[in-house]
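Peer 1: With the first letter of the sequence shown counted as 1, position 26 gets the number 177 in this note's numbering; the numbers rise by one all the way through. We put the beta carbon where it would ideally sit given N, CA and C, even for glycine. Have a look at this one before I ask anything.
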Amino acid sequence: MAKVLLRAVGAVLLLLISLSWSQAGEVRVIKLGYILAPHSQLGAGADVFAAEVENRTQGRYRIDQYPDSALGGEVEMMKGVQLGTVDMAFITGAPMPNFVPEMGVFGIPFLIRDAEHAYRVLDGPLGRELLKKFEAQNIVALAWGENGMRHLTNSQHPIRVPADLKGLKLRVPQSEAMVEGFDALGADTHPLAFPEVYGALQTGRFDGQENPIATIIASKFYQVQKYLTLSGHIYDPAAFLLSKDLYDELSPADRQAFAEAARMGSLASRRFAAAAEANGIAFLRQQGMEVVTDIDKAQFADARASVMPAYEKKFGADVIDAIREATPKPKVASE
């Protein structure tokens, strides 16, 4: 009888040890969604993020990517992250004001001069403060990546001055600030979720749209748009957003690993967007697009003036001034 009991206890112990080894070897799969193709600024950031997470957690976490809006449009994905039904998303800046109204300040046309100016803002105190504001929406924002400087395309005629926008049916993201800004410039502006944009341009529902060079290439908008205006009217950030439920499950060490991986992925998205901005225009010319480089930005800024009081009331004149006047971080001797 004693031998039987010993064998039974031994079997149970072996089973428990086996189960513990099995659990220790389990890989937690995280779904990461984004709206663009894998070969895009978002895809480049997601690739690096996925590799860094796997490396920094010794393979205990694996990031499965869902590009091309496989998990829905950006507003839909953000709601999923908020509710915990979507693990993670790499989201561009345009839909963020629907959840964090302060993010709408980045939708003011011609406020951000170029990518370097944007980095000074996002990597400084204001950028860090904005990341924290997502917490109130049950979302953890890990790091600022990049969608890029947005430029105008259309199928009707070259755009050089605000008058060229008059009556043009222009698609913009689901951003109130962008709608207001382009209405002030004379366009017939309407928001539309990104997955529907190509079809809407193809059928003539819209004459034009605006996006970074990398997005115009990745989404093949050059197939349904004739004219590209290098307006650089808005800088669009992106951010790795994490479900609060998932974040709460992570150990402190794993939280740090995810944050560092997001920082590395964000830098990769910036590098990709910069390369597309530098080299992609030649490709778009080869695809038959007529490229306008000589726009009158002063006229556009003047036309925007009518809505600036509303922007200042909504976001604060001090915030707008701080963004406009952001200066580079001083270098230390060791840099």
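Would ALA413 and LEU293 be called neighbours here (beta carbons separated by less than 8 Å)?
Peer 2: Yes, Cβ-Cβ distance for ALA413 and LEU293 is below 8 Å.
Peer 1: Short of 6 Å in beta carbon distance, which residues of its chain neighbour GLY161, apart from the five on each side in sequence? Order them along the chain.
Peer 2: Because the pLDDT at GLY161 is just 47, under 50, the model does not fix this residue reliably, and the value given afterwards should be weighed accordingly. Counting only Cβ-Cβ distances below 6 Å, and skipping sequence neighbours, we find nothing.
Peer 1: Do three or more CB pairs link the region 193 to 200 to the region 418 to 435 at distances below 8 Å?
Peer 2: They touch, by the three-pair rule.
Peer 1: For a quick check, are the C-beta atoms of ARG455 and PHE261 less than 8 Å apart?
Peer 2: Against a cut-off of 8 Å, the Cβ pair of PHE261 and ARG455 comes out as a contact.
Peer 1: Round the Cβ separation of LEU281 and MET254 to the nearest angstrom and send it over; I've been treating them as touching at under 8 Å.
Peer 2: The pair is a contact, with the Cβ atoms about 6 Å apart (cut-off 8 Å).
Peer 1: By DSSP, does LYS320 sit in helix, in strand, or in coil?
Peer 2: Strand at LYS320.
Peer 1: Got a sec? Which residues, its chain only, sit under 6 Å from GLY231 by beta carbon, not counting five neighbours each side?
Peer 2: So the qualifying residues of the chain are VAL237.
Peer 1: At what residue ranges does the region 219 to 247 contain a whole run of the beta strand (DSSP E), taking only runs of 3 or more?
Peer 2: The qualifying runs are 239 to 243.
Peer 1: Based on Cα-Cα distance, which residue from ARG475, LYS464, VAL443 and GLN233 lies nearest to ARG311?
Peer 2: Residue VAL443 is the option with its Cα nearest to ARG311.
Peer 1: Using 8 Å as the threshold, is the region 337 to 357 in touch with the region 378 to 391, meaning 3 or more CB pairs across them?
Peer 2: Result no; under three Cβ-Cβ pairs closer than 8 Å.
Peer 1: Taking all protein chains shown into account, decide if ARG279 is buried (16 or more other Cβ within 10 angstroms of its Cβ) or exposed.
Peer 2: It counts as exposed.
Peer 1: Looking only at its own chain, which residues have a Cβ that is under 8 Å from the Cβ of ALA314, when we skip the five neighbours before and after it?
Peer 2: The answer, listed in chain order, is GLY337.
Peer 1: Below 8 Å between beta carbons: does that hold for GLU225 and THR243?
Peer 2: Yes, Cβ-Cβ distance for GLU225 and THR243 is below 8 Å.
Peer 1: Quick check on the burial criterion: 16 or more other C-beta atoms within 10 angstroms. Buried or exposed for SER191?
Peer 2: Per the 10 Å Cβ criterion, buried.
Peer 1: Mind pulling the alpha helix (DSSP H) runs of 4 or more residues that sit fully within the region 320 to 363?
Peer 2: The qualifying runs are 327 to 335 and 348 to 354.
Peer 1: Answer yes if the region 211 to 221 comes into contact with the region 181 to 188, meaning at least three C-beta pairs across the two stretches below 8 Å, and no otherwise.
Peer 2: Touching, yes, given that three or more Cβ pairs across the two stretches are closer than 8 Å.
Peer 1: With distances taken between CB atoms, is the gap from PRO246 to MET229 smaller than 8 Å?
Peer 2: A contact, by the Cβ cut-off of 8 Å.
Peer 1: Does the beta carbon of THR304 come closer than 8 Å to any beta carbon on chain D?
Peer 2: No chain D is part of this structure, which consists of one protein chain only.
Peer 1: Following the continuous beta strand (DSSP E) through PRO388, name the residue where it begins and the one where it ends.
Peer 2: 378 to 394 is the span of the beta strand (DSSP E), which, as asked, contains PRO388.
Peer 1: Looking at the structure shown, is SER173 part of a helix, part of a strand, or coil, going by DSSP?
Peer 2: The predicted model places SER173 with a pLDDT of 37, which falls under 50 and marks its position as unreliable, so this point remains unresolved.
Peer 1: Applying the 10 Å Cβ sphere with the 16-neighbour rule, what's the burial state of LEU234?
Peer 2: So LEU234 ends up on the exposed side.
Peer 1: As a quick exercise: from ILE471, GLU327, PRO252 and LYS377, pick the residue whose alpha carbon is nearest that of GLU441.
Peer 2: Checked all of ILE471, GLU327, PRO252 and LYS377; the closest Cα to GLU441 is LYS377.
Peer 1: Please classify SER394: is it buried, with 16 or more other beta-carbons within 10 angstroms of its beta-carbon, or exposed?
Peer 2: Classification for SER394: buried.
Peer 1: Which stretch, first to last residue, makes up the beta strand (DSSP E) that contains LEU303?
Peer 2: Taken as a continuous stretch (DSSP letters only), the beta strand (DSSP E) holding LEU303 covers 290 to 305.
Peer 1: Spatial neighbours of ASN263 within its chain, please: C-beta separation below 6 Å, excluding the five flanking residues on both sides.
Peer 2: Sequence inspection shows Ile at residue 263; the Asn mentioned does not correspond to that position. Within the same chain, ILE263 has close Cβ partners ALA269 and TYR386.
Peer 1: For VAL291 and ALA449, what's the separation of their Cα atoms in angstroms?
Peer 2: If I take the Cα positions, the gap works out to 38 Å.
Peer 1: Going by CA-CA distance only, name the one from LEU193, ILE259 and TYR212 that's closest to ARG475.
Peer 2: Among LEU193, ILE259 and TYR212, the Cα nearest to that of ARG475 belongs to ILE259.
Peer 1: For the region 388 to 404 against the region 452 to 470, are there 3 or more C-beta pairs whose distance is under 8 Å?
Peer 2: At 8 Å Cβ cutoff, the stretches do not touch.
Peer 1: For a quick check, are the C-beta atoms of PHE241 and GLY275 less than 8 Å apart?
Peer 2: It is not a contact, given that the beta carbons lie outside the stated cut-off.
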